[in-house]
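Please read the structure below before turning to the comments.
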Amino acid sequence: MAAGSIVRFDEVRGYGFITPEGGGEDVFVHANDLVADKALYKVGARVEFDISEGDRGLKASTVRLVRQSGPASRRGDLPDADELCDVLSAGEFTQDITEVLLRVPSLTGEQILQLRRHLLELARDRGWVDS
1 MAAGSIVRFD EVRGYGFITP EGGGEDVFVH ANDLVADKAL YKVGARVEFD
51 ISEGDRGLKA STVRLVRQSG PASRRGDLPD ADELCDVLSA GEFTQDITEV
101 LLRVPSLTGE QILQLRRHLL ELARDRGWVD S
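Residue numbers (UniProt numbering): 1 to 131.
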């Protein structure tokens with residue numbers, strides 16, 4: 001299985017390209033070869049995939065998003081209760097939530113999209129994100 005990053009993806013046309021981690025020719029990817037919902041595959045997303053030689057060059061199949069884990073938060077990293085904290089934009093909040101949800105391997109793309117919608121609604125109601 002190869003690894004790389006999405007460099008272009010057109011949701012409307014249903015295809016894009018992946019740059020392999022080790023360099024070389026970009027690899028064509030069709031929406032039908034994506035394991036999760038195509039809305040989750042954004043430019044810069046890290047993926048793993050199988051490569052085969054197609055009629056027009058390299059073609060990716062079984063394209064999976066790679067879960068990137070960040071450093072664990074420690075209590076000392078959290079602001080004091082009296083301190084103000086940043087309010088995220090809806091886009092920033094959605095991106096952060098997506099990263100967390102992608103860590104749950106049993107969630108489908110549709111489930112992730114539904115959870116994001118509901119969590120964003122909750123965050124707006126609580127004032128956690130800009131409206």
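Glycine included, C-beta positions come from ideal geometry on N, C-alpha and C.
Since the structure is predicted, the reported quantities are computational estimates derived from the model, not experimental observations.
Residue i versus the options, residue with shortest Cα-Cα distance
i, options, result
"residue 55", "27, 97 and 35", "27"
"residue 87", "41, 128 and 32", "128"
"residue 44", "65, 35 and 57", "65"
"residue 34", "19, 25, 52 and 14", "14"
"residue 103", "31, 59, 67 and 119", "67"
Same chain only: Cβ atoms within 8 Å of residue i, ignoring 5 sequence neighbours per side
i, result
"residue 74", "Its pLDDT being 48, under 50, residue 74 is placed unreliably in this model, and the coordinates cannot settle the point."
"residue 116", "94, 97, 98 and 101"
"residue 37", "108, 109, 110, 112 and 113"
"residue 21", "2, 3, 4 and 5"
Buried versus exposed, by CB contacts within 10 Å (16 or more), residue i
i, result
"residue 23", "exposed"
"residue 123", "buried"
"residue 47", "buried"
"residue 139", "Past the edges of the chain, shown from 1 to 131, lies residue 139, and the structure says nothing about it."
6 Å Cβ shell around residue i - same chain, five flanking residues per side excluded
i, result
"residue 8", "16 and 17"
"residue 11", "38"
Sequence-distant residues of its chain with Cβ nearer than 7 Å to residue i (five each side left out)
i, result
"residue 130", "87, 89 and 90"
"residue 61", "33, 49, 50 and 52"
"residue 25", "57 and 58"
DSSP beta-bridge partners of residue i
i, result
"residue 52", "59"
"residue 93", "The partner list for residue 93 (beta bridge, DSSP) is empty, contrary to what the question assumes."
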